[in-house]
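Have a look at the structure below before the remarks.
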Amino acid sequence: MKALIKDYLKNFKGNRYFWAGLVMTLMILLIAVVGYFWTPYSTTEMSATERFQAPSFRHLFGTDNFGRDIFSRVMKGIGTTVFISSLVVILSGAAGIVIGALTGYFGGIVDEIVMRITDAINGFPSILLGLVMITLMGSGSHNLIVSLAIVFTPSYVRIVRSEFIKLRDADYIKRARLMGVGHIRILFVHILPNIFSVFWASMMIGFNNAILAESGMSYLGIGVQPPDASLGKMLSDAQGYLMTAPWYALSPGLAIVWIVLGFSLLSEGIRRLQE
Amino acid sequence: MRKKLTSYLLMAFLLMTTLSGCAGGTGESSGDNSSKEPTYGGSVVVGIQQDVDSLDPHKATAAGTKEILFNIFEGLVKPDENGNLMKAVASDYKISEDGLVYTFTLRENVKFHNGNVVTAEDVEYSLKRASGLLDGTPLISALSVITSVDIVDPKTVQVTVGSANTELIYSFVAAIIPKGSGEDANADPVGTGPFSFVSYAPQEGIVLAKNANYWQEGLPYLDKVEFKIVNSPDTALLNLQGGSIDIYPYLTDSQANELKGKGSFQILSAPSDVVQALFLNNAVKPLDDVRVRQAICYALDKDSINAFVAGGGAMLAGSAMLPALKDYYVELNDVYGTTANVEKAKQLMKEAGYPNGFDLEITVPSNYAYHMQTAEVVVEQLKAAGINAKINAVEWNTWLTECYQGRNYQSTICGITCDMTPGYLLNRFQSESSKNFINYKNAEYDEVFKKAQSSLDLQEKSKYYKQLQELLTKDAGTAFIQIPPITIAMKNTLGGYKFYPVYVQDMSTVYYTK
Numbered sequence: 001m002k003a004l005i006k007d008y009l010k011n012f013k014g015n016r017y018f019w020a021g022l023v024m025t026l027m028i029l030l031i032a033v034v035g036y037f038w039t040p041y042s043t044t045e046m047s048a049t050e051r052f053q054a055p056s057f058r059h060l061f062g063t064d065n066f067g068r069d070i071f072s073r074v075m076k077g078i079g080t081t082v083f084i085s086s087l088v089v090i091l092s093g094a095a096g097i098v099i100g101a102l103t104g105y106f107g108g109i110v111d112e113i114v115m116r117i118t119d120a121i122n123g124f125p126s127i128l129l130g131l132v133m134i135t136l137m138g139s140g141s142h143n144l145i146v147s148l149a150i151v152f153t154p155s156y157v158r159i160v161r162s163e164f165i166k167l168r169d170a171d172y173i174k175r176a177r178l179m180g181v182g183h184i185r186i187l188f189v190h191i192l193p194n195i196f197s198v199f200w201a202s203m204m205i206g207f208n209n210a211i212l213a214e215s216g217m218s219y220l221g222i223g224v225q226p227p228d229a230s231l232g233k234m235l236s237d238a239q240g241y242l243m244t245a246p247w248y249a250l251s252p253g254l255a256i257v258w259i260v261l262g263f264s265l266l267s268e269g270i271r272r273l274q275e
Numbered sequence: 001m002r003k004k005l006t007s008y009l010l011m012a013f014l015l016m017t018t019l020s021g022c023a024g025g026t027g028e029s030s031g032d033n034s035s036k037e038p039t040y041g042g043s044v045v046v047g048i049q050q051d052v053d054s055l056d057p058h059k060a061t062a063a064g065t066k067e068i069l070f071n072i073f074e075g076l077v078k079p080d081e082n083g084n085l086m087k088a089v090a091s092d093y094k095i096s097e098d099g100l101v102y103t104f105t106l107r108e109n110v111k112f113h114n115g116n117v118v119t120a121e122d123v124e125y126s127l128k129r130a131s132g133l134l135d136g137t138p139l140i141s142a143l144s145v146i147t148s149v150d151i152v153d154p155k156t157v158q159v160t161v162g163s164a165n166t167e168l169i170y171s172f173v174a175a176i177i178p179k180g181s182g183e184d185a186n187a188d189p190v191g192t193g194p195f196s197f198v199s200y201a202p203q204e205g206i207v208l209a210k211n212a213n214y215w216q217e218g219l220p221y222l223d224k225v226e227f228k229i230v231n232s233p234d235t236a237l238l239n240l241q242g243g244s245i246d247i248y249p250y251l252t253d254s255q256a257n258e259l260k261g262k263g264s265f266q267i268l269s270a271p272s273d274v275v276q277a278l279f280l281n282n283a284v285k286p287l288d289d290v291r292v293r294q295a296i297c298y299a300l301d302k303d304s305i306n307a308f309v310a311g312g313g314a315m316l317a318g319s320a321m322l323p324a325l326k327d328y329y330v331e332l333n334d335v336y337g338t339t340a341n342v343e344k345a346k347q348l349m350k351e352a353g354y355p356n357g358f359d360l361e362i363t364v365p366s367n368y369a370y371h372m373q374t375a376e377v378v379v380e381q382l383k384a385a386g387i388n389a390k391i392n393a394v395e396w397n398t399w400l401t402e403c404y405q406g407r408n409y410q411s412t413i414c415g416i417t418c419d420m421t422p423g424y425l426l427n428r429f430q431s432e433s434s435k436n437f438i439n440y441k442n443a444e445y446d447e448v449f450k451k452a453q454s455s456l457d458l459q460e461k462s463k464y465y466k467q468l469q470e471l472l473t474k475d476a477g478t479a480f481i482q483i484p485p486i487t488i489a490m491k492n493t494l495g496g497y498k499f500y501p502v503y504v505q506d507m508s509t510v511y512y513t514k
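Going down the list, the sequences are from chains A and B.
Counting in my numbering, the first sequence runs from 1 upward without gaps.
Counting in my numbering, the second sequence runs from 1 upward without gaps.
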């Protein structure tokens, strides 16, 4: 027993992916939480005298075309982006579990129909589909969350469904059924915990996709509306000043890379732990 | 999994590097420009901000469409770069003393793009079509006062109007098109302008070719002009730097600064004929209260908007009139001041029953960087007065249908363009005007406007127009901001670009230097 625990700890220690990812992700979360309550400067207040200041101790990441502190805006932007992406993953994950569980477990005609719909949604590139949704519903962060959640749901439905199909005929489920356990209990108590590791991995991937999708949509000007800070929007605003104020584009760009890299490392580390 | 990881990284980097990659692509040096002699031939690509609404010159309403059609069509008269009228299809005109009869003499041998010579029948048809004498619906409302168009002889056309208006002659810039071609004008526009229509692809652009038969000797220089639609100003800048656009007439101040150092472009600037404003929908709450509108006017700090967005290069506007129209312009910037007066704004809001401010949605056409940036500054300024403003960025077409035509908005930042007549800008604020998208209603205004239009005495006319501006500003019908400068970037090898006091892109005088 002792050896086993030791082994497990050794696994942890030697898992550089996990630790690097964890540190990076925790830093991001810390910045997001702190940024929610406090930023060094106001994220919207403009100053004509402080436009395009290069990075300095006063303004760590410099200032933008309106004289706003980029570091503060990146802090806020990280919060916005992480918040939206998390909500998207949670919403689409929940919808994926419910729809995937029911269709996978019961099968039949409803299953067929739902699968064809998900096929149809999957047929479009996600950004394009998100664009269509936003055009129909109007821009803004609420609609962005809803539309991205709809776009992301089919992938979860597929994963959950295939796991449920695999497990619904397993011996222990058959026995449970013979003992008279109800369908709902079988679905969510007997099967669901067993697909958790697979589902977790896809959530991680989904989160990264959601970050990129949110940044992409805001970059195109249909996500978070100015003057609220969002990484994608900052990146698109900065585009015109690449040569004169390169720090403006670099800061939100690096932040996106940092989030996505950290989270990818973390999920890779967790996957290795499970092996 | 590792493959996935790499692909995320790639995607994240792509977001950044695609941008910087494109921007680095200016390989051209400034070159030797000592010889500025014009040469014939060559083609240019001009970046434009929006799609056209109609290729039918009588039906097009968007300023962004008219500026292009200026190259294809001409009226009996047309504007020149000084804001005067020059004779175009007509070689001469006379106006009777009572101002009711216009006699136009047609220029010899003006040819349509299809090769036919312009006849009096064509002119009669065009004017009747535009004025609504053909089917009862005037396509150009200013011309609806025309009561009859008569052919006196093959070279002379007489136009009779119902009421005299000294500004009416400016409306004869209305395009002359071949008789009976109205139905096809949108698909295959034929005019007499320096360039003929070749093709149009929605969302992409318009291609024009040189009109070899053009009546003005020596014009145009270029063989081909392509107007390319670039929805995003950032893309436009990248296209300029990458070389796929030769001329871009709508640079923002910061873009101009970015390009100035490059050396491969000339940056030219002039005052525009656009009045930019925070347009307030007078029909919706809480903007239906004059005190609320005035509060917004007080809350705006026009000086700092100018500094942020135009680099100080704009002229501040106090009403809907261009200072260039000297005889009719009245300086009204002092009414609400050019800096913010938060105290006064708060007090007015309190009186109106909004002591804690209110929510305001500002709809902005997102393809206009200038308006978007202005909106960001405005939101911040309104916040200081307790007004919780939000930006709603929409596509140009959505803006056109929802805001301009549907009047379904709370407030919007955009610009209205002027022609050479003082009545043009003020006309739209009449209660029943179809262009009155801010729903401004003031019976006194309507009455004075009618007087101004019918007045034949310049002094009296000027007095009425000034009165109109004062009414509009006093009622805070809308919060006027500024007259932005128009800044164009043009390749160093090009020359001859002319700024007009009206919203047109005249390509006929543009040429490549040797």
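Quick reminder that beta carbons are idealized off the backbone N, C-alpha and C, glycines included.
In this text the structure is predicted, and so the values were computed from the model without any measurement.
**OP:** Could you tell me whether the Cβ of B:Glu-258 comes closer than 8 Å to any Cβ of chain A?
**Re:** yes
Original post:
Exposed or buried, B:Gln-241, counting other C-beta atoms within 10 Å across all chains shown (16 or more means buried)?
Top reply: buried
Subject >> Nearest candidate by alpha-carbon position, reference A:Met-243, set B:Glu-258, B:Tyr-354 and B:Tyr-248 >> reply: B:Glu-258
Subject >> Beta-carbon proximity list for B:Val-377, same chain, < 6 Å, skipping 5 on both sides >> reply: In its chain, beyond the 5 residues on either side, Ile-305 and Phe-308 have a beta carbon closer than 6 Å to the beta carbon of B:Val-377.
Original post:
Between the Cα of A:Gly-62 and the Cα atoms of A:Val-257, A:Tyr-248, A:Ile-28 and A:Ile-270, which residue gives the shortest distance?
Top reply: A:Tyr-248
Original post:
B:Asn-306 lies in the beta strand (DSSP E); which residues open and close that run?
Top reply: In the DSSP assignment, B:Asn-306 falls outside any beta strand (DSSP E) and lies within the alpha helix (DSSP H) extending over 302 to 310.
Subject >> Proximal residues of chain B, C-beta to C-beta of A:Glu-45 below 8 Å >> reply: Glu-380
Subject >> Residue burial classification, A:Ile-117 (beta-carbon count within 10 angstroms, cutoff 16) >> reply: exposed
Original post:
Among B:Glu-183, B:Lys-383 and B:Ala-314, which one has its Cα closest to the Cα of B:Ala-345?
Top reply: B:Lys-383
Subject >> As assigned by DSSP and simplified to three states, the class of B:Ser-30 >> reply: Summary for B:Ser-30: the model assigns pLDDT 36, below 50, so the residue's position carries little reliability, and this model does not support an answer.
Original post:
What does B:Val-190 reach in chain A if we use C-beta pairs closer than 9 Å?
Top reply: In chain order: nothing, as chain A lies at least about 36 Å away.
Original post:
Which value, in whole angstroms, describes the spacing of the CA atoms of B:Thr-374 and A:Met-46?
Top reply: 12 Å
Subject >> Candidates B:Ile-72, B:Gly-337, B:Tyr-424 and B:Asp-56: closest to B:Ala-212 by CA position >> reply: B:Ile-72
Original post:
Considering only C-alpha positions, which residue in the set B:Val-45, B:Tyr-40, B:Ser-366 and B:Asn-116 is nearest to B:Lys-491?
Top reply: Minimum Cα distance to B:Lys-491 is reached at B:Val-45.
**OP:** Check distances from the C-beta atoms of the segment 47 to 72 of chain A to those of chain B and list, in chain order, the residues that come in under 7 Å.
**Re:** Contact residues of the segment 47 to 72 of chain A toward chain B are Ala-48, Asn-65 and Phe-66 (C-beta to C-beta distance below 7 Å).
Original post:
Are the CB atoms of B:Leu-76 and B:Ala-90 nearer to each other than 8 Å?
Top reply: Yes, these two residues count as a Cβ contact at 8 Å.
Original post:
Could you give the residue range of the alpha helix (DSSP H) that holds A:Gly-269?
Top reply: 246 to 274
Original post:
Once you ignore the five residues that flank B:Ala-130 on each side, which residues in its own chain have a CB closer than 6 Å to its CB?
Top reply: His-58, Leu-139, Ile-140, Leu-143 and Ala-174
Original post:
Taking Cβ-Cβ distances below 9 Å as the criterion, which residues of the segment 382 to 405 of chain B are in contact with chain A?
Top reply: Lys-383, Lys-390, Ile-391, Asn-392, Ala-393, Val-394, Glu-395 and Thr-398: these are the residues of the segment 382 to 405 of chain B whose beta carbon lies less than 9 Å from some beta carbon of chain A, given in chain order.
Subject >> Contact list for A:Ser-236 against chain B, beta-carbon separation under 7 Å >> reply: Asp-234
**OP:** Run the CB neighbour count on B:Ile-483, radius 10 Å, all protein chains shown included, and call it buried at 16 or more, exposed below.
**Re:** buried
Subject >> Beta-bridge partners of A:Tyr-105, as assigned by DSSP >> reply: Paired residues: none, contrary to the question.
Original post:
Are B:Thr-417 and B:Val-394 closer than 8 Å when you measure CB to CB?
Top reply: no
Original post:
Would you report the Cα separation of B:Val-88 and B:Val-110, rounded to the nearest angstrom?
Top reply: In the sequence as displayed, the identity of residue 88 of chain B is Ala instead of Val. Approximately 9 Å between the Cα atoms of the pair.
Subject >> Sufficient close CB pairs (3 or more, under 8 Å) joining the segment 419 to 431 of chain B to the segment 164 to 171 of chain B >> reply: yes
Subject >> Inter-residue Cα distance where the pair is B:Gly-31 and B:Lys-514 >> reply: In this prediction, B:Gly-31 scores a pLDDT of 38, lower than 50, which makes its location untrustworthy; the coordinate-derived value is nonetheless stated afterwards. If I take the Cα positions, the gap works out to 12 Å.
**OP:** Indicate whether at least one CB of chain A lies closer than 8 Å to the CB of B:Leu-316.
**Re:** no
Subject >> Inter-residue spacing [alpha-carbon to alpha-carbon] between A:Thr-43 and B:Glu-67 >> reply: 39 Å
**OP:** Return helix, strand or coil for B:Ser-269, following the three-state DSSP convention.
**Re:** Strand.
**OP:** Throw me the rounded Cβ distance for the B:Val-502 and B:Pro-194 pair, which I believe falls under 8 Å.
**Re:** Not really, about 16 Å apart at Cβ, beyond 8 Å.
Subject >> Distance between B:Ile-486 and B:Lys-463 (C-alpha atoms, nearest Å) >> reply: 30 Å
**OP:** Inspect the beta-carbon positions of A:Gly-240 and A:Gly-232 and report whether they are closer than 8 Å.
**Re:** no
Subject >> B:Thr-92 - containing beta strand (DSSP E), residue span >> reply: Here the sequence assigns Asp to residue 92 of chain B, which means Thr is not the residue at that position. Its beta strand (DSSP E) spans residues 90 to 95.
Subject >> Under the three-state DSSP convention, the category B:Gly-495 falls into >> reply: strand
**OP:** Answer with yes or no whether the minimum CB distance from A:Gln-225 to chain B is below 8 Å.
**Re:** It does: the Cβ of A:Gln-225 has a partner Cβ on chain B nearer than 8 Å.
Subject >> Paired residues, beta bridge with B:Phe-279 - DSSP >> reply: In the DSSP output, where bridge partners are listed per residue, B:Phe-279 has B:Thr-412.
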